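Protein chains in written order, with our numbering: chain A, 1 to 220; chain B, 1001 to 1220.
Reading through the structure tokens given below for one structure.
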DNA sequence: CGACCTCCTACGAACGTTCGTACGGGTTTC
DNA sequence: GAAACCCGTACGAACGTTCGTAGGAGGTCG
């Protein structure tokens, strides 16, 4: 028999997340999940009471981790742009090797019954508010910036961030840090000056010449 | 009995799209769809051979319509920024009252068996290439812009566009045209000058001075 | 005019399969 | 010896789908 990864419940949740990402909640059967974890179907019920619990726990844990991460990333940082950079970086790195998890969060956001869904949504909104605060601190123009504009811009940011689960491959599109930098750049300045490349370090303003030479870019 | 909407198959596909959006492919049963369309389960098989056909036809028709629309929008327009504007406007307007359809396209992109999936993907890639061409025409900086950067920026654009299915409500976030303008603005210039509001008319090119003055240059 | 044929749409009943899960009891680990 | 883990078996419900049949609209032909 093949070895188990992780221990007990943790391993189960992990395997479940992958199966959920692949087939969706209703497309994943407990039998199949049992096979994938080398157990009999009945055994799964030693870890959870219902199939639904799997989805619930996966989603809850994910948002809790995201919130904790964001807090860490932002601790002690006060410069608005740098705060945005940290947040985006943390988010991208977190999901870079967890695209399956992002997929579950998105595709199964409406699967849980109302009460549990609300519990998840509350966490999600907390996360959203953090991001909105950061975007608000970085918007430029007439002041104060309109609420609607900030809201839209924040959703745009999340669109860029979360859509990555469907396309991003480090081997083709750069490291997670590069991706994060590109999204930050896009958020701040759009496609202007894009091909000068996103700055990897917190960035002292450097010579543009050198960077262009060092980049993989141009026409391959 | 409640009146039927549309005729025969067309009505069925429409109802199916809504049901698919709500429950997902595996979560939607033929029995439920039959109830929703005031028919007996067996009757559905006068319109399609298999449940799968519903999803296939819905996705195929959707992309065909999107491609046709894009072609129309771009016909005879040559200014790069205006072309982007048209494309985005067309996309946003198309999905503004079809959010359920966007959801189906996204959530069930991997549901069909390989052959049919490939058929859909081919159309999707055609659509993507159109967008990439537009983005490429609008990127600023060292020339030529790197392939990877353009690719990433295009995905970012689609992220902003498609993510809307989960949050956009005209009553809260402005008309579809306003949303489209906001996304174009975001794509071109990021959050700079955002709260001046998106320009409702095609927009006189404003004095560059004014824009530069509004830029975040100083903000680290 | 009626007789006949062809489509399209509709239905109830049933088929074989798979679903989530309950139960009772076994084995391993500290 | 408790706690953690595992299993074979069973069950009712729901699944996608098939079958045989029926009503009615439209066309053609005598």
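Glycine is no exception: its CB is placed at the ideal position from the N, C-alpha and C atoms.
Since the structure is predicted, the reported quantities are computational estimates derived from the model, not experimental observations.
Quiz item: Looking at chain B, which residues of the segment 24 to 35 of chain A have a Cβ within less than 9 Å of any of its Cβ atoms?
Solution: Those residues of the segment 24 to 35 of chain A that come within reach of chain B (Cβ to Cβ, closer than 9 Å) are 24, 25, 26, 27, 28.
Self-check item: Residue of A:15, A:184, A:60 minimising C-alpha distance to residue 38 of chain A
Solution: A:15
Quiz item: Cα separation between residue 1198 of chain B and residue 1184 of chain B?
Solution: Any answer about residue 1198 of chain B is weak, because its pLDDT of 45 lies below 50 and its placement is not dependable; what the coordinates show is given next. Distance between the alpha carbons of residue 1198 of chain B and residue 1184 of chain B is about 9 Å.
Quiz prompt | Cβ-Cβ distance between residue 1163 of chain B and residue 45 of chain A below 8 Å | solution = Result no, Cβ atoms of residue 1163 of chain B and residue 45 of chain A do not sit closer than 8 Å.
Exercise. For my contact list, residue 240 of chain A and residue 104 of chain A are in at a C-beta cut-off of 8 Å; report their separation, rounded to the angstrom.
Key: What is shown of chain A runs 1 to 220, which leaves residue 240 of chain A out entirely.
Self-check item: Identity of the residue in A:100, A:47, A:99, A:110 nearest residue 1020 of chain B by Cα
Solution: It is A:110 whose Cα lies nearest to the Cα of residue 1020 of chain B.
Quiz item: Hey, is residue 1199 of chain B's beta-carbon within less than 8 Å of any beta-carbon in chain A?
Solution: Bear in mind that the predicted position of residue 1199 of chain B carries a pLDDT of just 45, short of 50, making it too unreliable to give a figure here.
Practice problem: Might you give, ordered along the chain, the residues of its own chain that have their beta carbon closer than 8 Å to the beta carbon of residue 1041 of chain B, omitting 5 neighbours on each side? | Solution: Within the same chain, residue 1041 of chain B has close Cβ partners 1030, 1031, 1034.
Exercise. With DSSP as the reference, label residue 112 of chain A as helix, strand or coil.
Key: coil
Quiz item: Is the beta carbon of residue 1092 of chain B sitting closer than 8 Å to the one on residue 1138 of chain B?
Solution: no
Quiz item: Do residue 159 of chain A and residue 107 of chain A have their C-beta atoms within less than 8 Å of each other?
Solution: No, Cβ-Cβ distance for residue 159 of chain A and residue 107 of chain A is not below 8 Å.
Quiz item: At which residues does the alpha helix (DSSP H) containing residue 64 of chain A begin and terminate?
Solution: Where residue 64 of chain A is concerned, the enclosing alpha helix (DSSP H) starts and stops at 51 to 74.
Quiz prompt | Alpha-carbon spacing of residue 1186 of chain B relative to residue 1114 of chain B, whole angstroms | solution = Approximately 36 Å, taken between the alpha carbons.
Quiz item: In three-state terms, what does DSSP make of residue 28 of chain A?
Solution: coil
Quiz item: With C-beta atoms as the reference, is residue 174 of chain A less than 8 Å away from residue 1148 of chain B?
Solution: yes
Practice problem: With DSSP collapsed to three states, give me the class of residue 1199 of chain B. | Solution: Note that residue 1199 of chain B scores a pLDDT of 45, beneath 50, so its modelled location is shaky and nothing firm can be said.
Quiz item: Who are the neighbours of residue 102 of chain A on chain B, taking C-beta pairs under 7 Å?
Solution: Residues of chain B passing the Cβ test: none, with the nearest at roughly 12 Å.
Exercise. Reducing DSSP to helix, strand and coil, say where residue 80 of chain A ends up.
Key: helix
Quiz item: From which residue to which residue does the alpha helix (DSSP H) around residue 170 of chain A run?
Solution: 170 to 173 is the extent of the alpha helix (DSSP H) around residue 170 of chain A.
Quiz item: Does the distance from the CB of residue 1157 of chain B to the CB of residue 1135 of chain B come in under 8 Å?
Solution: yes
Quiz prompt | Reference residue 1068 of chain B; option with closest CA among B:1047, B:1094, B:1009, B:1189 | solution = Looking at the Cα atoms, B:1094 is the closest of the given residues.
Quiz item: Hey, quick one: how far does the alpha helix (DSSP H) through residue 1163 of chain B stretch, first residue to last?
Solution: Unbroken alpha helix (DSSP H) run through residue 1163 of chain B: 1147 to 1163.
Practice problem: List the residues of chain A whose Cβ lies closer than 8 Å to the Cβ of residue 1138 of chain B, in chain order. | Solution: 191
Quiz item: Which value, in whole angstroms, describes the spacing of the CA atoms of residue 58 of chain A and residue 116 of chain A?
Solution: Distance between the alpha carbons of residue 58 of chain A and residue 116 of chain A: 12 Å.
Quiz prompt | Residues of the segment 147 to 175 of chain A whose Cβ lies closer than 9 Å to any Cβ of chain B, in chain order | solution = 148, 149, 150, 151, 152, 153, 155, 156, 157, 158, 159, 160, 161, 162, 163, 164, 166, 167, 168, 172, 173, 174
Quiz item: Considering only residues of the same chain and omitting the five flanking positions on each side of residue 1100 of chain B, which have a CB-CB separation below 7 Å?
Solution: Excluding residues within five positions, the ones whose Cβ falls inside 7 Å are 1017, 1018, 1021.
Exercise. Could you list which residues in chain A have their beta carbon closer than 8 Å to that of residue 1066 of chain B, in chain order?
Key: Simply none; closest approach about 17 Å.
Quiz item: Could you give the C-beta distance for residue 194 of chain A and residue 1145 of chain B, rounded to a whole number, given that I count them as a contact under 8 Å?
Solution: 6 Å
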